[in-house]
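Please read the structure below before turning to the comments.
In my numbering, the protein residues as written are 428 to 679.
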C-alpha cells in the first residue's frame, strides 16, 4: 500500500500513518479490535454474575400482606389499583343459601371462577366465626371482583367501598392457569376484617390462621396457592406476632 502523505500546511492528525480503508477512512488498530472482541464474553459473564448475586431481594413473608393504606379504605395497601367498569351482579349459588347475596363483577368466566370458589367453600364445615363473616359480606350485598394492583405481588384486599364492601382479588387469579379454588382462602382472610380492626397484629394473625386452616381443608390432593404457603410459613415462625410488628402492624 502506498504511503499516505500529509499535504503541506495541514496539522498532523492522530490517524496519520494509520491503516485506511478504500474510502481513506481510518481503520481501528488490530490490537484494539481483538481487545473489544475478547471483552464481550467477559462483560456478559460479569452481568450474569451480578444478576445472580445482587438479584431482586426476596420480600419477607410478613410483608407480603402489608397493613392498610394511609386512608384506611383498603385493609391491605396495594398502591394504586384498577377495578374495571363492569357492574357486579348477584351470584346464583343455588346450593348455598349461606352466601346468597354476594355479587361478582367481570366477564362470565370471571364470575364463574368466583362462584366455584364460594360454592366449594360453602361445602366445608367452616368455623362459626368464619362462616358468620362470609355471611355478613352476603347480607351487605358485598362484591368480589378482580383488580390490577400497583403492588403486583399482593393477593387481595378488602375495599370499604362506600357502604358496600368489596373484596378485590389480584387479576392473576383470573387466569386459566390458576386454580379457581385459590380464591376461597382469600375470601376467608379478607372477611375477617369485617369484624376485626385491620392493621393490628391480632387481626392479621387471626386472618392468616383462618386462611391457613381453609387452605389445609381445601388442598389435600392439589397444590395450594402461594398465599397459602405464605400463611403456613408465617404461622410457623417462633414469633409471628413479632414478624408482623416488624412489617408495620400495631399491637392491640
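Where a beta carbon is used, it is the ideal one built from N, C-alpha and C, also for glycine.
Query	Result
Which residues does DSSP list as the beta-bridge partners of residue 574?	597
What are the start and end residues of each continuous alpha helix (DSSP H) run of 4 or more residues lying completely inside the stretch 498–559, in chain order?	535–549
Quick one: residues in its chain with C-beta nearer than 7 Å to the C-beta of residue 657, no 5 flanking neighbours on either side, listed in chain order?	488 and 491
List the endpoints of the continuous alpha helix (DSSP H) containing residue 641.	628–645
Once you ignore the five residues that flank residue 516 on each side, which residues in its own chain have a CB closer than 8 Å to its CB?	530, 531, 532 and 538
How do the stretch 539–550 and the stretch 605–623 stand: do at least 3 beta-carbon pairs fall below 8 Å, yes or no?	yes
Report the three-state DSSP secondary structure of residue 624 (helix, strand or coil).	coil
Tell me the DSSP bridge mates of residue 584?	595
DSSP state of residue 618, grouped into three classes?	helix
Taking residue 508 as the reference, give the member of 673, 626 and 579 with the closest Cα.	579
With a 10 Å radius around its C-beta and 16 neighbouring C-beta atoms as the bar for buried, classify residue 562 as buried or exposed.	buried
If you draw a straight line from the C-alpha of residue 520 to the C-alpha of residue 669, how long is it?	40 Å
Comparing C-alpha positions only, which one of 557, 581 and 598 sits nearest to residue 574?	598
Taking C-alpha atoms, which residue in 584, 646, 649 and 641 lies nearest to residue 620?	584
Below 6 Å CB to CB, which residues in the same chain sit around residue 631 once its five sequence neighbours on both sides are set aside?	671 and 676
Quick check: the Cα distance between residue 556 and residue 514, rounded to an integer number of angstroms?	29 Å
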